[in-house]
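*Asks:* Pasting in a structure now, in structure tokens, and then I'll have a few things to ask.
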Amino acid sequence: MIARLDRISLLAVPALVFLAAIYALPLMMLLAKSFQGPEGTGISAYIEFFSDPYNLNVLWRTIRVALLTTLLALLIAYPTAFAMARANGIWLTVFLVALVLPMSLGVVVKAFAWSILFRANGALNEFMQWIGLTSGPIRMMFTETALVVGAANVFLPFMVLPIYAVVRQLNASLPDAAASLGATPLFRFTHVTLPLTLPGVVAGAAFVFSLSISMYVIPSLIVGERQQTMSMLIARSFLYLRDETLGSTISAILLAIAVAVVLFSSWLAGRLGARQ
Amino acid sequence: MTRTDEIFRAISWVIGIGCVIFLMLPIVITVAASFTSSPVYTLPPPDWSLRWYKSLAHKSGLLDAVMISVNLALVSTVISLVLGTMAAIAVARGRFHGKQAVATFVVSPLMMPGLVVGVALLQFFREIGLRDAYWSLLLGHIVITLPFVMRTLLAAMGSFDFSMVDAARTLGLSYPKAIAKVLIPNLAPAYLTGGLFAFLASMDNYPISIFLTDARNKTLPIKMLQYLEEQPDPSLAAMSSGLILLAVIVLLIGARTVGLNKMIQ
């Protein structure tokens with residue numbers, strides 16, 4: 044019996060060996076490389092990176108854009124998940140198609156479609172003038188707002204789906220029970236609905252944040268070289284400058300942020316799970 | 624139902640419908656731009672024409688890029704389905720410590736910065752002397768597809784009754800045969816969904832592929848970005864519309880066989 048169970052555990056070995064060799068080991072080597080400057084081992088590359096105000100500016104912009112993208116996606120996704128959970132028949136199909144179909148449109152094409160919309164003579168500007176929102180064309184292309192809107196659009200399904208998964212399982216009678224006990228709508232939301240849906244929010248927000256902190260195609264098509272992000276610095280240092288130490292250092296910083304997000308969100312998910 | 628509830632409900636519907644429009648916008652733009660007669664992207668198009676669909680036929684290198692991308696996506700998805708099935712069974716049924724850690728590790732490439740993984744693989748392959756672009760790309764794409772497969776299969780196997788496999792074993796089937804004849808057919812929706820998302824993720828990957836390609840092995844997203852930088856004419860929109868049509872067909876088949884709501888679980 045023990046032998047058979049052990050054999051089943053061994054089934055994980057091929058995937059683990061593969062990922063250890065072709066994923067974990069290369070990342071470790073990249074980390075090691077970031078500590079090897081021209082004058083020996085040390086953190087000189089990091090000191091150099093963090094002492095340049097331009098780099099700090101890029102780092103802050105990357106984090107800011109990722110936070111705003113996550114926030115915008117959450118603001119749209121949270122009410123949408125509730126509408127979806129109440130929808131049935133044709134409306135549910137409409138929601139599901141709108142979430143799944145855009146995934147088939149490559150991110151290159153999606154980002155380019157947004158760049159068409161954002162142009163000064165583009166459709167969005169003409170529409171806003173037509174409905175009287177603005178009197179003349181306003182500059183949207185190459186702005187951070189455009190980047191956040193475009194990124195939120197691309198990553199939105201990854202926020203809606205986990206929240207929808209928890210909202211759908213929400214027992215509709217719970218808030219009603221709270222109401223019959225005299226709870227106000229706000230109290231019901233903050234004490235019943237929100238805590239129960241928080242695991243979905245954490246899962247979606249962690250995923251969207253880690254996608255937007257490392258996005259490359261979207262900023263290069265919507266804001267271009269003028270406003271670099273961390274990913275664009277990495278691509279530039281490896282593909283154009285051929286400065287591998289600098290590239291490895293920036294990669295290691297981005298990697299550290301991503302790992303922190305994974306660890307923090309799984310810790311948070313564990314705590315939320317334990318509380319219920 | 625109080626007045627406040629009604630207001631909340633109305634707001635969630637307004638935002639929900641806004642969300643659908645927002646999500647569909649890039650698709651509408653792309654399809655509309657593909658039927659333009661003008662050589663630049665202007666919306667609305669001055670006149671309608673099919674010229675950009677015709678121009679696809681003699682776009683150099685485009686077919687090659689589609690072929691290499693489909694090839695990579697298919698092969699890496701199949702390998703991931705095999706590796707993922709084995710690992711998910713081990714996590715679901717094995718008796719060892721750190722199951723959660725194994726699951727997290729296999730799914731983790733999903734949340735790692737693509738460009739960083741790409742750079743790391745580039746340096747690693749150079750170190751071990753792997754120079755062939757196809758093999759480098761394939762190994763990289765397995766890292767991309769495996770988490771998608773693993774995530775779906777783990778969820779599906781969590782609610783699968785493994786005593787069915789044991790029953791098949793007592794009836795004389797070997798363990799691999801029992802898996803193939805009982806587990807996989809029962810989890811067909813998960814296989815279809817996980818496989819589909821893995822396939823799409825591989826087809827759409829730019830950040831890892833860009834570091835592993837050479838002049839002969841350019842994947843579709845790389846080729847498309849290159850076209851956009853060189854001559855952004857609406858033929859790209861025409862090709863994307865073709866891919867959208869393909870996705871609609873796949874979705875229709877998926878909705879008919881699995882059900883849309885089941886696909887996204």
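Chain order of the listed sequences is A and B. Under the working numbering, think of the first position of the first sequence as 44, with each following residue one higher. Under the working numbering, think of the first position of the second sequence as 624, with each following residue one higher. Glycine included, every Cβ here is placed at the ideal spot set by N, Cα and C.
From the DSSP output, in three-state form, read off A/A46 for me.
*Replies:* Summary for A/A46: the model assigns pLDDT 48, below 50, so the residue's position carries little reliability; its value from the coordinates is reported in the next sentence. Looking at A/A46 - three-state DSSP - the assignment turns out to be helix.
*Asks:* Closest Cβ-Cβ distance between B/M787 and chain A: below 8 Å?
*Replies:* no
*Asks:* Please list, in chain order, all residues of the same chain as B/A688 whose beta carbon is under 7 Å from its beta carbon, the five residues on each side excluded.
*Replies:* K841, T842, L843 and K846
*Asks:* Going by CA-CA distance only, name the one from A/T112, A/A128, A/F92 and A/A312 that's closest to A/A189.
*Replies:* A/T112
*Asks:* Roughly how many whole angstroms lie between the Cα atoms of B/V757 and B/T836?
*Replies:* Residue 757 of chain B is actually Tyr in this sequence, not Val. Answer to the nearest angstrom: the Cα atoms are 8 Å apart.
*Asks:* Under 8 Å, Cβ to Cβ, is there at least one residue of chain A near B/L827?
*Replies:* Note that residue 827 of chain B is Asp in the sequence shown here, rather than Leu. With 8 Å as the cut-off, B/D827 counts as an interface residue toward chain A.
*Asks:* Any heavy atom of the ligand FMN closer than 7 Å to the Cβ of A/V137?
*Replies:* The ligand content of the structure shown is nil, which means the ligand FMN is not present either.
*Asks:* Since I believe B/D856 is in contact with B/P662 (beta carbons under 8 Å), could you give me their beta-carbon distance rounded to a whole number of angstroms?
*Replies:* Contact between B/P662 and B/D856 holds: their C-beta atoms lie close to 6 Å from each other, under 8 Å.
*Asks:* Starting from the beta carbon of A/A246, find every residue of chain B whose beta carbon is closer than 7 Å, and list them in chain order.
*Replies:* Chain B residues near A/A246: none, gap ~11 Å exceeds 7 Å.
*Asks:* Three-state secondary structure (DSSP) at A/L118?
*Replies:* helix
*Asks:* What's the call for B/S786, buried or exposed, on a 16-neighbour Cβ count within 10 Å?
*Replies:* exposed
*Asks:* Under a CB-based cut-off of 8 Å, is A/G316 close to chain B?
*Replies:* no
*Asks:* Indicate whether B/M709 and A/A278 have their beta-carbon atoms separated by less than 8 Å.
*Replies:* no
*Asks:* Along the chain, where does the alpha helix (DSSP H) containing A/K153 start, and where does it finish?
*Replies:* V150 to F161
*Asks:* Classify B/H764 as buried or exposed, calling it buried when 16 or more other Cβ atoms lie within 10 Å of its own Cβ.
*Replies:* buried
*Asks:* Given this structure, state the Cα-to-Cα distance separating B/V693 from B/P770, to the nearest angstrom.
*Replies:* 19 Å
*Asks:* A/V251 to A/A301, Cα distance in whole Å?
*Replies:* As the crow flies, the alpha-carbon of A/V251 is around 11 Å from that of A/A301.
*Asks:* What separation, rounded to the nearest whole angstrom, lies between the Cα atoms of B/I630 and A/L117?
*Replies:* Straight through space, the alpha carbons of A/L117 and B/I630 are spaced by roughly 20 Å.
*Asks:* Do the stretch 797 to 810 of chain B and the stretch 677 to 691 of chain B meet, that is, are 3 or more Cβ pairs less than 8 Å apart?
*Replies:* no
*Asks:* Does the Cβ of A/G85 have 16 or more other Cβ atoms within 10 Å, making it buried, or fewer, making it exposed?
*Replies:* exposed
*Asks:* Give a yes or no on contact between the stretch 96 to 112 of chain A and the stretch 228 to 241 of chain A, applying the rule of three or more CB pairs nearer than 8 Å.
*Replies:* no
*Asks:* For the alpha helix (DSSP H) containing B/R626, name the first residue and the last one.
*Replies:* R626 to S657
*Asks:* In terms of alpha-carbon separation, which member of A/A246, A/V137, A/L213 and A/L264 lies closest to A/L204?
*Replies:* A/A246
*Asks:* For my contact list, A/L142 and B/N884 are in at a C-beta cut-off of 8 Å; report their separation, rounded to the angstrom.
*Replies:* Actually they do not touch by this definition, with Cβ atoms about 11 Å apart.
*Asks:* Is the beta carbon of A/F125 less than 8 Å from the beta carbon of A/V210?
*Replies:* Taking 8 Å as the Cβ cut-off, A/F125 and A/V210 qualify as a contacting pair.
*Asks:* Using Cβ-Cβ distances below 8 Å, what residues of the stretch 688 to 720 of chain B are close to chain A?
*Replies:* L706, G707, M709, A710, I712, A713, V714, R716, G717, R718 and F719
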